[in-house]
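Each number in this note's numbering comes from the position in the sequence shown (counting from 1) with 1417 added on.
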Amino acid sequence: MKMDKKNVEIRDLFDFSTLSGVKFSPSGAYAAFVVSTADEKKNGYDSNIWLYDAASHTCRRLTAGGSDRISYWEDDENLILTSARKPADKEKNKPESSFFRICIHGGEAQEAFTVPERVGEVLDVREGRMIFRGSKNMTEDAEEADKKEKKGYQVFDEIPFWFNGRGFANGRRSVLMRYDFASGEVKQLTHPPFEVGSASVSSCGKYVAFSGSDLIGRRKRESGLFLLNLETEEIKTILEPKEMSVGQVLFMNGGQVLLTHNPFHDSHSNSLPYRYDLINKQLIPLKDENVAFSGVVKDGDKIYICHDHYSASRLCEMEKDGALKEIPLPSNMAVMSFDVKNSQVLFAGEAENGLQELYAVLDGKCVQVSHINDAYAEGHHIPALECFTFKNRAGIDLDGFILRPHGFDPDKKYPGLLEIHGGPKARYNAGFNHEMQAYAAAGYIVFFCNPRGSSGRGSEFADVTGKLGTIDYEDVMDFTDEVLRREKALDEERLGVLGGSYGGFMTNWIIGHTDRFKAACSQRSISNYVTKCLTTDIGHLHNLSQMETDPWQDFDKFWFHSPLKYADKCKTPTLFIHSDHDFRCWMSEGIQMHQALARFGVPTRLCLFSDENHELSRSGRPKGRIGRLEEMLKWFDTYLK
């Protein structure tokens, strides 16, 4: 019997899954990946490990623990995972990490070992030892920290002293550690105040190449390249931090290290690729393809990277000179996670208008090999996107998208919602977007674009330094005009605008510069660049870089780019969404704008989500995510219907 399809609803958040952590086994015969699904009962997420069989190109679920994450493959038949399977594993700030072993051919996961430290990234396991990334507090021991927490206060002497998603980070440093399986002991290999960035272990297992620098008082962009000898524990400085801004590091074969370096020390430029020859002590610039690496993996002598390309992703093999050889993917494919083994390419991705699935590149063709979200897709009306390009007033082609309701009637009039992404160096793709689909199902035409400042089109396109609210605002307004020209069913008297983070900044900016939108929703936003730079985790670096100055040298520039300056011009009813643990765009930003609008008699409402951070809309607790969507839809329905 044919199943009746449903419209996408807000509560569908519990009905589909996301994929991550793709990792091949040593021989490439299998791969593991994580499938996560929102769970209403525990107001959290179930994460379980699935297995891909490279011979049959099929997938099956391997674990059902509900909190399982891949750590590493022990061999081709046994997977080591982390999981909160014991009550003690669920304790906050537990100073140890439990690991479990599961055979891919059957049986339950069994406890394998416990490391008496909180393990972050596992870098290498061999010869009875594990090299991993952990963290250490350089200012006080755990007992003293516990006493202060009970006293009800914290002491800060660094900036930033907090970090979104991590909470208070004062004095805490990322370090390299070694765990000995026989003795059960952990030895710290790097020491605060040094902060480890990216790290990679050599094929022989004797060396670790890593980036980082001393963090004393204030975090800086400068970051050098270092080499740790695991036999002698000697650390050599390869490239001085004062000369470099090293980002990603990957050990290649033959004593070579691939690294990225941003010589401009800014927020918008794509880092440049280099190869460092450890034998000849030479830093060799590679071909600059003007792309930002979103992922890098090694397969024998070959290097593979993923990068944004307009509104899609590209997977490429990197040649020795840095030239990129593209692996054919369908147009508008977005890649979330990938791995390569013996030239087999496997990735979690979203096809155009599709939900996340696992894909393999077989005989030069991209093939869907999992069917985790097929049932949801087949049971729901998921209207297709219209993807197009248009020219802005500067003559530059921009990517735009229109999503219409199911059952769309071109002879009717519909309210519309303009969505603006964060970043600004980010971009929308053409994959399934639950939030936008829910708005479309509620009767809205949803439209969104990638204006100047977005990623995927090189450093120059991404550069809105000192221009926030100017050329990007022009692009978004030009896009709105283009959508109204293309879609006559869109009612220009019933338009709403919304966005988060930088998109929240743009929403705040828009309502102070035009009255064309009859309702707005500003989420985790920026309203005042003085307070943004002086209260948040990235304010003293990223946001000051955006301004090219500081408030003491050019206060007028900060105030010009602050939407709060224009609050007395606002007339648009505006809902503000913020989280009280958002240290990326602190809640003072939304509060300031909300109170200003209230002062000037503009209809406004503030929803403050408790114990959530900047990631509420993406990885916050499900009930909060649903509440957020319900509040926004209710607001738009009130003013646009």
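The beta carbon of each residue, even a glycine, is placed where N, CA and C say it ideally should be.
Source: prediction; values computed, not measured.
Chain-order list of residues whose beta-carbon lies under 6 Å from that of residue i (same chain, five-residue window excluded)
i: Val1757; result: Val1714, Asp1716 and Tyr1721
i: Glu1538; result: Arg1550
i: Met1418; result: Note that Met1418 has pLDDT 49, beneath the 50 cutoff, so the model's placement of it is unreliable and the number below is only indicative. Result list for Met1418: empty, nothing under 6 Å.
i: Phe1530; result: Phe1516
i: Glu1612; result: Arg1590, Ser1591, Gly1629 and Leu1632
i: His2011; result: Phe1993, Thr2021 and Leu2023
i: Gln1571; result: Phe1585
Beta-carbon proximity list for residue i, same chain, < 8 Å, skipping 5 on both sides
i: Ser1754; result: Leu1436, Ser1437, Gly1438, Val1439, Phe1450, Gly1712, Phe1764 and Ala1765
i: Asp1826; result: Ala1906
i: Ala1526; result: Thr1480, Gly1482, Asp1485, Leu1498, Ser1500, Arg1502, Phe1517, Arg1518 and Ile1519
i: Ala1446; result: Asp1470, Ala1471, Ala1472 and Asp1493
i: Pro1747; result: Ala1768, Glu1769 and Cys1783
i: Asn1707; result: Asn1687, Gly1875 and Ser1876
Contact set for residue i: own chain, Cβ-Cβ below 7 Å, skip 5 residues either direction
i: Asn1359; result: An answer regarding residue 1359 cannot be provided, because it is not within the stretch 1418 to 2058 covered by the chain.
i: Leu2014; result: Ala1984, Cys1987, Thr1991 and Thr2021
i: Asn1670; result: Ser1620 and Asp1718
i: Glu1899; result: Phe1807 and Gly1817
i: Asn1460; result: Arg2038, Pro2039 and Lys2040
i: Ile1888; result: Arg1869 and Val1881
i: Asp1597; result: Gly1545 and Arg1546
i: Trp2003; result: Thr1952 and Thr1953
i: Phe1573; result: Asn1587
Residue burial classification, residue i (beta-carbon count within 10 angstroms, cutoff 16)
i: His1685; result: buried
i: Pro1800; result: buried
i: Ala1448; result: buried
i: Phe2026; result: buried
i: Ile1521; result: buried
i: His1797; result: buried
i: Val1784; result: exposed
i: Asp1932; result: exposed
i: Leu1779; result: exposed
i: Asp1892; result: buried
i: Glu1852; result: buried
i: His1978; result: buried
C-alpha distance - residue i paired with residue j, whole-angstrom precision
i: His2059; j: Lys1422; result: The structure shown does not extend to residue 2059, since the chain spans only 1418 to 2058, so no value can be given for it.
i: Cys1804; j: Glu1660; result: 43 Å
i: Thr1475; j: Gly1482; result: 21 Å
i: Glu1648; j: Asn1679; result: 32 Å
i: Asn1770; j: Ser1600; result: 52 Å
i: Ser1939; j: Ile1928; result: 10 Å
i: Val1674; j: Gly1875; result: 24 Å
i: Asp1432; j: Gly1839; result: 26 Å
i: His1957; j: Ser1514; result: 33 Å
i: Gln1970; j: Lys1884; result: 17 Å
i: Ser2034; j: Val1452; result: 19 Å
i: Asp2054; j: Glu1909; result: 15 Å
i: Lys1982; j: His1995; result: 20 Å
i: Ala1455; j: His1724; result: 28 Å
i: Pro1609; j: Ile1652; result: 14 Å
i: Asp1694; j: Trp1467; result: 39 Å
i: Phe1730; j: Gly1848; result: The amino acid at residue 1730 is misidentified as Phe; the sequence shows Ser. When rounded, the distance between both Cα atoms is 11 Å.
i: Asp2028; j: Ser2005; result: 15 Å
i: Arg2016; j: Gln2009; result: 11 Å
i: Gly1781; j: Ala1751; result: 18 Å
i: Pro1702; j: Asn1749; result: 31 Å
i: Asn1867; j: Phe1643; result: 38 Å
i: Glu1602; j: Lys1553; result: 16 Å
Supposed close pair residue i, residue j - CB separation, criterion 8 Å
i: Arg1638; j: Pro1577; result: So it is not a contact: roughly 13 Å between Cβ atoms.
i: Ala1937; j: Gly1917; result: Between Gly1917 and Ala1937 the Cβ distance is about 12 Å, and since that is not below 8 Å, they are no contact.
i: Thr1989; j: Lys1949; result: Actually they do not touch by this definition, with Cβ atoms about 22 Å apart.
i: Leu1915; j: Glu1836; result: 6 Å
i: Leu1645; j: Leu1593; result: 7 Å
i: Val1618; j: Leu1732; result: No, Val1618 and Leu1732 are not in contact; Cβ-Cβ is about 24 Å, not under 8 Å.
i: Leu1815; j: Phe1896; result: 7 Å
i: Ile1548; j: Ala1855; result: In fact, because the Cβ distance is near 44 Å, the residues do not count as touching under 8 Å.
i: Asn1495; j: Ala1858; result: Contact doesn't hold; Cβ gap of about 45 Å is too wide.
i: Gly1641; j: Glu1575; result: About 20 Å; that fails the 8 Å criterion.
i: Glu1736; j: Ile1744; result: Contact flag wrong, Cβ pair sits at about 13 Å.
Any non-hydrogen atom of the ligand MN closer than 7 Å to residue i Cβ
i: Phe1681; result: Of ligands this structure carries none, so the ligand MN is not represented either.
Take every Cβ of the segment 1864-1883, pair it with every Cβ of the segment 1835-1849, and state whether three or more of those distances are shorter than 8 Å. yes
Would you say the segment 1821-1832 touches the segment 1845-1865, given that touching needs at least three Cβ pairs under 8 Å? yes
Between the segment 1961-1968 and the segment 1897-1912, are three or more C-beta pairs nearer than 8 Å? no
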